[in-house]
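Here's the structure, in structure tokens; my notes come after.
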Amino acid sequence: MSEAAFQSAFVRLITDVGFREMFRAGGEAPLATDGLTQAEARDLAKLANSPGLDVMRKLHLGFRLNKLFSILPLTCRLLGNQRLAEEAGRFWQARPSSSFYFVEEAEAFIDYLYSRLDEGMRVSYLSDVLAYESALLILRRPRQPEEEPTAVTVEFRNDPQLLLSALQSGERPRRVPRRRTLLLGSLDERGEVRWTMALPVLAESGMRPRSSAGVAASRNQLFPVPAQPPPTCPR
Amino acid sequence: MADRAPQQITTIPKLGVGLNYQPQFQPFLDNHYHEFDFLEIVPDVFWIDRGIGASPRYIEDAVQTVFLRRMLSRMPVIMHSIGLSIGSAHRFNRSQLVQLAKWQSWLGSPWHSDHIAFHLTGTTLADAHGFERGGESNAGVTMPLRRTYESLRLLGRRVQLVQRRIQAPFLLENNVYFVEMPGDELSESRFLNTLCRQTGCGLLLDLHNVYCNSLNMGGSAWTLLEELDLSNVVEIHLGGGHEDGPYYLDSHSGRTPEPVWAMLDYVLAHTDTVAGVVFELFGSWYSTMGENGLSEELGRMKRAWKRAQSARRAVGIPA
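Chains as they are written, first to last, in the working numbering: chain A, 217 to 451; chain L, 305 to 623.
In structure tokens:
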């Protein structure tokens, strides 16, 4: 039990600044009840004062940030570096890393940002971009060979072509016209994501933009394919 | 723990020069596969673990697996996993082991490997910082183990479990350090030698990690190499890194530094057990290094490999 407690505390020295500060300040008392020997508590205090721990924290945070940059590049670009750092910091504080896997972390960050929007955070176009990148996650999720490829619809409030092309070219979108639109996403025979622009939504639902998954056949019936070639979202 | 016989280390086929897999390399792998002899993959990136209780637990990436099958038709594919967390005192990831065994059976890797590290911990400490008691945390980086006899006993039990489940020889990789671990009872060389002797596992010697540790922690890389029982070394990793303040990071970000090439020559000249030398590069650095840069690195590895094999033949030792 003692080694398990030591390893747990060692990781927390890296992931949790407050915890590390407690050790730096000499706070050993609470640890005796948690399976650490006094000698181990002293060892942890030594580690807490080691400058190498800063490098390990940087690597840990880099690993987590890389998950977000890799899976949610447009959301990260829309937020900008400062906002992203603030929101990722809050998210990481609330949700310690529990998995190596990128998708799980990205999905949790999407849920977190939706909850922040519900709390009143204002970031223009964020709902649209979150819905779009959520849909990409659904489409690209590893499938078993016998599994039917998924199709996904995404409802935008603002012109998706202008919004996404600005972000994909590395720009922060400005003055994107409001245009309620449905995009239908599916996978082609090579497994590449393809987007088809469905008819603009006529009725105001008052709901937040969202993505929803279903089987391709039923979606094709629901949303007729327009005459012009569908835009392809780069992977 | 009583010493165990080495796992058929001397009979492992000599593969030569390998490259690690990254999705960004796919065009390079398709067009330049004649420049290396085998591909090393981190199998964990080919599936998603949906967690304890989920059925199916692991969902494999069908698209990437098709690419892997194509590469397997060209050359051996070796598994170098990251998910066992073999040094976790909290628990051993047995489901991961079952999944690895399944992949080993279709890939037919001549050997497989993981890291002497842990990343999975229980959140046993009471706190006011968001951890739930009874939950789990994943550090996301290879956390170094304390070099103690207790660690050796733990690793010994886990290596046996791996060896029982997967018949191919199992290697463990030396770690990189940024802190002195208080409570160490053995030097790094003694720890690695004892681990291999007691468990029968082989050593994946990451020479760039050795180089990093000598820069960051002091001590001589050459002394470590002289003290190591090099007859345990089955695979070698090369790679590049970059400076970050006073530290040098093992970031797999480019070409192998010159001192590491000299270490490679030394190890290849002092043991005949090495079956493969792998260059590690992260996909995000591929565009910086470029196709030509990667080809040149692999070419230099091939020359070093052939030089060592020729020298061995010249003194009458089978290469």
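Heads up, the beta-carbon is just placed ideally off N, CA and C, and yes, glycines get one too.
Of all the options the options, which has the alpha carbon lying nearest to the alpha carbon of residue i?
{"i": "Leu-295 of chain A", "options": "A:Pro-267, A:Gln-309, A:Glu-335 and A:Val-345", "result": "A:Val-345"}
{"i": "Pro-473 of chain L", "options": "L:Val-321, L:Phe-340, L:Phe-350 and L:His-384", "result": "L:His-384"}
{"i": "Lys-274 of chain A", "options": "A:Val-233, A:Val-392 and A:Ser-343", "result": "A:Val-233"}
{"i": "Gly-444 of chain L", "options": "A:His-276, A:Met-337, A:Glu-237 and A:Arg-406", "result": "A:His-276"}
{"i": "Gly-320 of chain L", "options": "L:Thr-592, L:Cys-516 and L:Glu-344", "result": "L:Glu-344"}
{"i": "Pro-375 of chain A", "options": "A:Gly-407, A:Leu-398 and A:Asp-259", "result": "Checking the sequence shown, residue 375 of chain A turns out to be Asp, not Pro. Checked all of A:Gly-407, A:Leu-398 and A:Asp-259; the closest Cα to Asp-375 of chain A is A:Leu-398."}
{"i": "Phe-166 of chain A", "options": "L:Ile-382, L:Asn-596, L:Asp-576 and L:Met-447", "result": "Residue 166 of chain A falls outside the range modelled here, since chain A spans only 217 to 451, and no answer is possible."}
{"i": "Gly-439 of chain L", "options": "L:Asp-488, L:Thr-425, L:Arg-451 and L:Thr-452", "result": "L:Thr-425"}
{"i": "Phe-261 of chain A", "options": "L:Pro-414, L:Ala-421 and L:Val-483", "result": "Looking at the sequence shown, residue 261 of chain A is not Phe but Ala. Nearest option by C-alpha distance: L:Val-483."}
{"i": "Phe-318 of chain A", "options": "L:Val-349, L:Glu-364 and L:His-419", "result": "L:Val-349"}
{"i": "Gly-357 of chain L", "options": "L:Gly-597, L:Pro-331 and L:Ser-399", "result": "L:Ser-399"}
{"i": "Asn-479 of chain L", "options": "L:Pro-486, L:Leu-449 and L:Leu-490", "result": "L:Leu-449"}
{"i": "Arg-231 of chain A", "options": "L:Asn-517, L:Arg-468 and L:His-423", "result": "Rather than Arg, the amino acid found at residue 231 of chain A in this sequence is Thr. Thr-231 of chain A has its Cα closest to that of L:His-423, out of L:Asn-517, L:Arg-468 and L:His-423."}
{"i": "Asn-517 of chain L", "options": "L:Ala-366, L:Thr-427, L:Met-485 and L:Trp-407", "result": "L:Met-485"}
{"i": "Pro-393 of chain A", "options": "A:Ser-402, A:Gln-377 and A:Leu-383", "result": "A:Gln-377"}
{"i": "Gly-544 of chain L", "options": "L:Thr-577, L:Ile-390, L:Ser-535 and L:Phe-586", "result": "L:Phe-586"}
{"i": "Arg-311 of chain A", "options": "A:Arg-299, A:Thr-253, A:Arg-356 and A:Ile-326", "result": "A:Ile-326"}
{"i": "Thr-369 of chain A", "options": "A:Arg-293, A:Glu-349 and A:Leu-333", "result": "A:Glu-349"}
{"i": "Met-521 of chain L", "options": "L:Tyr-551, L:Glu-539 and L:Val-538", "result": "L:Tyr-551"}
{"i": "Ser-218 of chain A", "options": "L:Met-375, L:Phe-342 and L:Ser-455", "result": "L:Ser-455"}
Taking Cβ-Cβ distances shorter than 7 Å, what residues in chain L pair up with residue i?
{"i": "Arg-280 of chain A", "result": "Gly-444"}
{"i": "Leu-380 of chain A", "result": "Residues of chain L passing the Cβ test: none, with the nearest at roughly 22 Å."}
{"i": "Gly-407 of chain A", "result": "Val-367"}
DSSP has residue i in a bridge; who is on the other side?
{"i": "Arg-394 of chain A", "result": "A:Asn-374"}
{"i": "Trp-526 of chain L", "result": "DSSP output for Trp-526 of chain L lists no bridge partner at all."}
{"i": "Phe-222 of chain A", "result": "Paired residue(s): none; Phe-222 of chain A is not in a bridge."}
{"i": "Asn-324 of chain L", "result": "L:Glu-344"}
{"i": "Glu-547 of chain L", "result": "L:Tyr-552"}
{"i": "His-394 of chain L", "result": "BP columns for His-394 of chain L are empty, so no partner."}
Which class does residue i belong to by DSSP, given the choice of helix, strand or coil?
{"i": "Gly-434 of chain L", "result": "Confidence at Gly-434 of chain L is low in this model, with a pLDDT of 45, below 50, so the placement of that residue should be treated as unreliable; the coordinate-derived value is given next. Three-state DSSP puts Gly-434 of chain L in coil, outside helix and strand."}
{"i": "Arg-410 of chain A", "result": "strand"}
{"i": "Phe-482 of chain L", "result": "coil"}
{"i": "Met-379 of chain L", "result": "coil"}
{"i": "Leu-252 of chain A", "result": "coil"}
{"i": "Leu-438 of chain A", "result": "For Leu-438 of chain A, the predicted structure reports a pLDDT of 26, less than 50, and the residue's modelled location is therefore unreliable. A value from the coordinates is still provided. Helix at Leu-438 of chain A."}
{"i": "Ile-313 of chain L", "result": "helix"}
{"i": "Glu-339 of chain L", "result": "helix"}
{"i": "Asp-510 of chain L", "result": "strand"}
{"i": "Leu-418 of chain A", "result": "In this prediction, Leu-418 of chain A has a pLDDT of 49, which is less than 50 and means its spatial position is unreliable; nothing more can be read from the coordinates."}
{"i": "Val-582 of chain L", "result": "strand"}
{"i": "Tyr-552 of chain L", "result": "strand"}
{"i": "Ala-443 of chain L", "result": "strand"}
{"i": "Glu-539 of chain L", "result": "strand"}
{"i": "Gly-426 of chain L", "result": "strand"}
{"i": "Phe-474 of chain L", "result": "strand"}
{"i": "Ala-618 of chain L", "result": "helix"}
{"i": "Asp-365 of chain L", "result": "coil"}
{"i": "Arg-359 of chain A", "result": "coil"}
{"i": "Leu-459 of chain L", "result": "helix"}
{"i": "Asp-576 of chain L", "result": "coil"}
{"i": "Trp-351 of chain L", "result": "strand"}
{"i": "Leu-277 of chain A", "result": "helix"}
{"i": "Gly-401 of chain A", "result": "strand"}
{"i": "Asp-259 of chain A", "result": "helix"}
{"i": "Ser-389 of chain L", "result": "coil"}
{"i": "Asp-488 of chain L", "result": "coil"}
{"i": "Trp-410 of chain L", "result": "helix"}
{"i": "Asp-344 of chain A", "result": "helix"}
{"i": "Pro-447 of chain A", "result": "Per-residue confidence for Pro-447 of chain A stands at a pLDDT of 31, beneath the threshold of 50, marking its modelled position as unreliable; no derived number is given."}
{"i": "Asp-533 of chain L", "result": "coil"}
What in chain A is Cβ-close to residue i, meaning under 8 Å?
{"i": "Gly-426 of chain L", "result": "Ala-220 and Ser-224"}
{"i": "Ser-441 of chain L", "result": "Ser-224, Val-227, Arg-228, Thr-231, Pro-312, Ser-313 and Ser-314"}
Using a cut-off of 9 Å between C-beta atoms, extract the partners of residue i located in chain A.
{"i": "Met-447 of chain L", "result": "Gln-223, Phe-226, Val-227, Ile-230 and Met-272"}
{"i": "Gly-487 of chain L", "result": "Phe-222, Ala-255, Glu-256 and Asp-259"}
Which residues in chain L have a C-beta closer than 9 Å to the C-beta of residue i? List them in chain order.
{"i": "Ser-385 of chain A", "result": "By Cβ distance, chain L contributes nothing, its closest Cβ being about 18 Å from Ser-385 of chain A, past 9 Å."}
{"i": "Gly-268 of chain A", "result": "Tyr-481, Phe-482, Val-483, Glu-484, Asn-520, Met-521 and Tyr-551"}
{"i": "Leu-263 of chain A", "result": "Val-483, Glu-484, Met-485 and Pro-486"}
How would you list, in chain order, the residues of chain A whose beta-carbon sits under 7 Å from the beta-carbon of residue i?
{"i": "Glu-539 of chain L", "result": "The contacting residues do not exist; Glu-539 of chain L stays about 22 Å from chain A at best."}
{"i": "Asp-365 of chain L", "result": "Pro-358"}
Please compile the residues from chain L whose C-beta is within a distance smaller than 8 Å of the C-beta of residue i.
{"i": "Tyr-317 of chain A", "result": "Ile-352 and Asp-353"}
{"i": "Gly-296 of chain A", "result": "Correct list: empty, because the minimum Cβ distance to chain L is about 21 Å."}
{"i": "Gly-336 of chain A", "result": "In chain order: nothing, as chain L lies at least about 22 Å away."}
Cβ contact check for the segment 235 to 243 of chain A and the segment 277 to 284 of chain A: 3 or more pairs under 8 Å: no
Touch test, the segment 460 to 467 of chain L against the segment 501 to 510 of chain L, Cβ-Cβ under 8 Å, three pairs minimum: yes
Sufficient close CB pairs (3 or more, under 8 Å) joining the segment 386 to 406 of chain L to the segment 318 to 338 of chain L: no
At least 3 beta-carbon pairs within less than 8 Å: the segment 259 to 272 of chain A vs the segment 306 to 323 of chain A: With the cut-off at 8 Å, the segment 259 to 272 of chain A and the segment 306 to 323 of chain A do not touch.
Three CB pairs or more closer than 8 Å across the segment 485 to 497 of chain L and the segment 526 to 544 of chain L: A contact between stretches requires three or more CB pairs, one per stretch, nearer than 8 Å, and the segment 485 to 497 of chain L meets this requirement with the segment 526 to 544 of chain L.
At least 3 beta-carbon pairs within less than 8 Å: the segment 562 to 572 of chain L vs the segment 587 to 602 of chain L: no
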